[in-house]
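Since the structure comes first, as C-alpha cells, the remarks are kept for the end.
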Ligand SMILES: [Zn+2]
Ligand SMILES: [Zn+2]
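Numbering (UniProt numbering), first residue to last: 1 to 334.
See below:
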C-alpha cells in the first residue's frame, strides 16, 4: 500500500468517526423499556461466571475426565443454560473446562445481561448455550432484516425493537388469561409451555412500575400445545387475548452484536437526522425511520441517503462546530 493511499484511508476513517459523533446517538429509552439489570448488578457474575480459576483440571470430572477436550467441549455446548451454570459450579475442574471454551468466554464477556435475564425469568432451562451464542454472533433481526440490538428471550432470537413490539412471532400473553380462555389446568399448561416470570420494574422511561412478578407465555409456544378434536383452535384463543407491548418487552433484553471476524462489539446506533425529519413531519414512515438501529457501517450507508443527517453534518463544518440537535436525541430518547 502506498503512503498516500494510507493517508486517504486514514482521512476517510477520521471523517466517518466525526460523522458518527455528530449525527448518530444511542437510544437510552430502549434500555429502559426491556429487561435490564440495575447498574453494578452483574459485577460479581462478571468476575466469576463461566470463568476458570486458572488451576489444574487434573481431577474432578469423573468419567468425563477420559474424554478428549474437543469432545468434552462439544458436549458442553449442547447444554442448556441452567445445566451449564450447574455444571460449572459442580467442581473446579468443571469450571476450568467451561472457562476454556471460547463460546462460554464470549457469552460471559458480552451476554451477561441476557444470561441474567434468562435466569431471572425462569427460561434458563429452555435456552441452549449454542442458540444463545449463535444469537450473539447474528447481526440482523430474524424477522425484518434490520440491525437487531435485542434478544427475544423465549426463543433466544436476535431481533429489533420494532419487531418486539409488533411481530406476531414475538407476542407475549398472560398465563392466567391463556388458562382461562383455553380452559386447561394450570399444571398441564406449565408442563407444555415454558412459563416466563416477569421481572418487576417500570418497562418505560416515565410510566408505571410493575411491582409484582407476572406469569407469561410466548404466543408462539401457546400455539404449539397438543389438542383434541373438540378443543378450540389455539389461534382463535389467542385472538381473544389482548396484545400488549409492555408484556412483549418483559420478554426481551439488549444484546450487542459480536463480529467474530473483527472482534468488534456493537449495540446499534440511531440517526439524529431521522428524528429531525420526524419532528418536521410526523408520519408512520418517519416514525419507523426514527426507530431503526444501525451498525456503524450500516449507519454510514444510511447517512449518504439521509438528507437531514447530511444537513446536520454540514452545519457542524466538518465536526468542528457544535450543532443544535433535537432535545430527544440529546437525551438519548429519554
Ligand atoms: Zn425486526
Ligand atoms: Zn437518518
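Quick reminder that beta carbons are idealized off the backbone N, C-alpha and C, glycines included. Quick caveat, the model's predicted, so the values are computed rather than measured.
Rounded to whole angstroms, what is the Cα-Cα separation between residue i and residue j?
| i | j | result |
| --- | --- | --- |
| residue 180 | residue 240 | 11 Å |
| residue 271 | residue 309 | 7 Å |
| residue 100 | residue 93 | 11 Å |
| residue 82 | residue 160 | 26 Å |
| residue 1 | residue 262 | Bear in mind that the predicted position of residue 1 carries a pLDDT of just 49, short of 50, making it unreliable; the figure below should be weighed with that in mind. Taking the straight line from one Cα to the other gives about 21 Å. |
| residue 330 | residue 90 | 48 Å |
| residue 304 | residue 10 | 19 Å |
| residue 323 | residue 23 | 10 Å |
| residue 35 | residue 237 | 27 Å |
| residue 307 | residue 291 | 17 Å |
| residue 44 | residue 140 | 31 Å |
| residue 178 | residue 103 | 37 Å |
| residue 300 | residue 21 | 12 Å |
| residue 30 | residue 246 | 12 Å |
| residue 259 | residue 187 | 42 Å |
Assuming the contact rule is C-beta atoms closer than 8 Å, residue i and residue j should be a hit. Round their C-beta distance to whole Å, please.
| i | j | result |
| --- | --- | --- |
| residue 375 | residue 198 | The shown model of the chain, from 1 to 334, leaves out residue 375, and the question about it has no answer. |
| residue 79 | residue 69 | Actually they do not touch by this definition, with Cβ atoms about 16 Å apart. |
| residue 77 | residue 130 | 5 Å |
| residue 166 | residue 33 | With a Cβ gap of about 14 Å, residue 166 and residue 33 do not count as contacting. |
| residue 257 | residue 202 | 26 Å between Cβ atoms; not a contact. |
| residue 133 | residue 107 | 6 Å |
Less than 9 Å between the beta carbons of residue i and residue j, yes or no?
| i | j | result |
| --- | --- | --- |
| residue 50 | residue 98 | yes |
| residue 343 | residue 293 | Lying before the first or after the last residue shown, residue 343 is absent from the chain, which here runs from 1 to 334. |
| residue 85 | residue 255 | no |
| residue 27 | residue 333 | yes |
| residue 142 | residue 149 | no |
| residue 326 | residue 279 | yes |
| residue 163 | residue 144 | yes |
| residue 208 | residue 195 | no |
| residue 96 | residue 52 | yes |
| residue 276 | residue 25 | no |
| residue 224 | residue 193 | yes |
Under 9 Å, Cβ to Cβ, is there at least one residue of chain B near residue i?
| i | result |
| --- | --- |
| residue 131 | Absence of chain B from the displayed structure is noted, only one protein chain being present. |
Are the stretch 310-319 and the stretch 13-32 touching, with three or more C-beta to C-beta distances below 8 Å?
yes
Report yes or no: do the stretch 212-225 and the stretch 137-155 share at least 3 C-beta pairs separated by less than 8 Å?
yes
Would you say the stretch 162-178 touches the stretch 246-253, given that touching needs at least three Cβ pairs under 8 Å?
yes
I need the residues with a C-beta less than 5 Å from some heavy atom of ligand 2; please give them in chain order.
271, 273, 274, 306 and 309
Would you list the residues whose beta-carbon is nearer than 5 Å to any heavy atom of ligand 1, in the order they occur in the chain?
141, 143, 144, 160 and 163
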